[in-house]
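See structure below.
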Amino acid sequence: MPLPSNGEVSCHPNVFGGQDCISPEGRFTSTPNIFGGFDTTSPDGSRSSSHPNIFGGEDTTTPKGTIESKENIFGGKDYRLPSGERIESYPNIFGGQDFRQRDGHVVECRPNVFGGEDCR
Numbered sequence: 000m001p002l003p004s005n006g007e008v009s010c011h012p013n014v015f016g017g018q019d020c021i022s023p024e025g026r027f028t029s030t031p032n033i034f035g036g037f038d039t040t041s042p043d044g045s046r047s048s049s050h051p052n053i054f055g056g057e058d059t060t061t062p063k064g065t066i067e068s069k070e071n072i073f074g075g076k077d078y079r080l081p082s083g084e085r086i087e088s089y090p091n092i093f094g095g096q097d098f099r100q101r102d103g104h105v106v107e108c109r110p111n112v113f114g115g116e117d118c119r
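Mapping the sequence shown onto numbering that gives the first Met the number 0, position 75 (from 1) lands on 74, and the numbers just tick up by one.
Structure follows, in structure tokens:
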């Protein structure tokens, strides 16, 4: 799922077993792949592909490099972006996840009525 860089993201399950997400950048669509992850198409037509890794997370290959994740002690995940930047997530009281970026900015995600989640 894309994280919002500016604005918010709203996602819901699609008929292919993935998600459709709408953000200020446009529509992201994902479908399951044969590796146990998802293939995602971005608004600009670029594609990314994910698969589980040995750390309980997943590796996502994007046109800009690989995003690696692993489980953390807070019940969330730690992410390493292609730039080397790190983001950590942890469960919130709304049943979703909060994503804390290096600069201290927190993106809060909550379940929505469509079975997906809304992030801002």
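Every residue gets a Cβ at the ideal spot worked out from N, C-alpha and C, and that includes glycine.
Helix, strand or coil at residue i [DSSP, three-state]
i, result
"Gln-96", "strand"
"Ser-82", "coil"
"Phe-37", "strand"
"His-186", "With the chain represented from 0 up to 119, any question about residue 186 goes unanswered, as that position is not in the structure."
"Glu-24", "coil"
"Glu-116", "strand"
"His-104", "coil"
"Lys-76", "strand"
"Ser-68", "strand"
"Val-8", "strand"
"Pro-110", "strand"
"His-29", "The question names His, but residue 29 in the sequence shown is Ser. It is a strand residue."
"Pro-42", "coil"
"Pro-62", "coil"
Any non-hydrogen atom of the ligand NAD within 7 angstroms of residue i CB
i, result
"Lys-63", "This structure lacks the ligand NAD; in fact it carries no ligand of any kind."
CB of residue i within 8 angstroms of CB of residue j, strictly
i, j, result
"Glu-84", "Arg-101", "yes"
"Thr-61", "Ser-47", "yes"
"Thr-30", "Asp-38", "yes"
"Pro-51", "Thr-65", "no"
Any C-beta of chain C under 8 angstroms from that of residue i
i, result
"Lys-76", "Given the protein chain composition of this structure (a single chain), no chain C is represented."
Cβ separation of residue i and residue j, assumed to be a contact under 8 angstroms, to the nearest whole Å
i, j, result
"Gly-115", "Pro-12", "6 angstroms"
"Glu-7", "Asp-117", "6 angstroms"
"Thr-40", "Ser-49", "Not confirmed; about 13 angstroms, so no contact."
"Gly-55", "Glu-70", "4 angstroms"
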